[in-house]
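Asks: Have a look at this one before I ask anything.
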């Protein structure tokens with residue numbers, strides 16, 4: 062029987078505490094391999110759908126017909142804005158192919174994230190007590206929904222404002238953005254947002270094991286707000302509107318996390 066199967070059997074039988082350090086590492090390695098395999102399989106499908114992926118998904122936020130611009134302009138002419146027209150260029154012979162591979166991988170990872178969370182859950186579950194397992198019920202679903210919500214928020218909200226600001230900024234030079242730089246910004250607008258939207262889950266687990274409580278979170282509310290502003294300035298373009306767009310939801314998630322921590326603390330006292 063392969064070593065990885067032995068390790069899985071041990072963990073499923075509640076023998077994770079009896080596993081050696083190397084056996085834990087071997088088990089983790091196979092969880093990572095399966096996650097990467099799922100990502101690659103989906104990435105291949107994304108790679109084959111090149112025209113749809115680029116014309117409909119990747120390049121749409123720079124077009125005036127994009128969903129966000131139409132909704133905002135339909136709501137109020139005073140708030141209406143469009144990105145300036147610009148043409149993406151490539152400077153290296155293989156840049157389009159490399160960017161295509163990069164986009165395929167990242168979209169493959171995004172689509173495979175529920176399975177990645179599932180593999181992560183399979184790894185940590187055997188080491189939890191029954192009470193902790195019950196508390197973590199729905200882990201994969203909640204984490205996946207929060208991640209997708211963050212990615213969609215970045216795609217439909219942050220990206221349009223960020224692209225418009227960056228493409229409109231003018232210091233007297235002719236702008237000729239490359240396809241690679243555009244994709245890098247799109248990645249920066251979406252993936253980090255999906256990750257930071259996991260804040261309630263992180264607080265839930267920290268509160269469950271007693272490392273953090275609602276009192277501490279309320280006490281350091283102002284510090285958290287400043288930290289959120291700093292984080293927003295790192296993952297978004299340096300314009301106030303875009304930073305507020307990401308800071309607002311993140312601070313809301315922080316307040317939600319306080320409520321979650323308070324409920325867990327109350328439950329633990331019972």
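In our numbering, the protein residues as written are 62 to 331. Ideal placement from N, C-alpha and C gives every residue a C-beta, glycine not left out.
Give the straight-line distance between the Cα atoms of residue 307 and residue 211, rounded to the nearest whole angstrom.
Replies: Your numbering for residue 307 matches position 246 in the chain shown. Your numbering for residue 211 matches position 150 in the chain shown. Straight-line Cα distance between these residues: approximately 10 Å.
Asks: Beta-carbon within less than 7 Å of residue 141's beta-carbon, same chain only, minus the 5 sequence neighbours each way: which residues are those?
Replies: Position 80 of the chain shown, counting from 1, holds the residue named residue 141. Excluding residues within five positions, the ones whose Cβ falls inside 7 Å are 133, 134.
Asks: Which residue or residues does DSSP assign as beta-bridge partners of residue 239?
Replies: One-based indexing of the chain shown puts residue 239 at position 178. Its beta-bridge partners are 150.
Asks: Can you list, in chain order, the stretches of the alpha helix (DSSP H) that have 4 or more residues and sit fully within the stretch 206-283?
Replies: The qualifying runs are 220-229, 240-257, 260-269, 275-280.
Asks: Taking contact to mean at least 3 C-beta pairs separated by less than 8 Å, is the stretch 196-205 in contact with the stretch 110-119?
Replies: At 8 Å Cβ cutoff, the stretches do not touch.
Asks: For residue 164, which residues of its own chain have a beta-carbon under 8 Å away from its beta-carbon, when the five flanking residues on both sides are left out?
Replies: Here residue 164 refers to the residue found at position 103 when the chain shown is read from its first residue. Cβ within range, chain order: 107, 114, 115, 119, 244.
Asks: Which word fits residue 314, buried or exposed, when buried means at least 16 other C-beta atoms lie within 10 angstroms of its C-beta?
Replies: Against the chain shown, residue 314 aligns to sequence position 253. It is buried - the Cβ of residue 314 has at least 16 other Cβ atoms within 10 Å.
Asks: Taking DSSP as the reference, what is the three-state secondary structure of residue 124?
Replies: Working through the chain shown from its first residue, we reach residue 124 at position 63. If DSSP states are grouped into helix, strand and coil, residue 124 belongs with coil.
Asks: Can you give the beta carbon distance from residue 251 to residue 220, rounded, assuming they're within the 8 Å contact cut?
Replies: What you label residue 251 is simply residue 190 of the chain shown in a count that begins at 1. What you label residue 220 is simply residue 159 of the chain shown in a count that begins at 1. Yes, they are in contact, since the Cβ atoms of residue 251 and residue 220 sit about 7 Å apart, within 8 Å.
Asks: Compare the Cα-Cα distances from residue 215 to each of 247, 330, 81, 94 and report the closest residue.
Replies: As a working mapping, residue 215 is identified with position 154 in the chain shown. For the residues 247, 330, 81, 94, the minimum Cα distance to residue 215 belongs to 247.
Asks: Please name the residue, chosen from 322, 305, 92, that lies closest to residue 333 on a Cα-to-Cα basis.
Replies: With the chain represented from 62 up to 331, any question about residue 333 goes unanswered, as that position is not in the structure.
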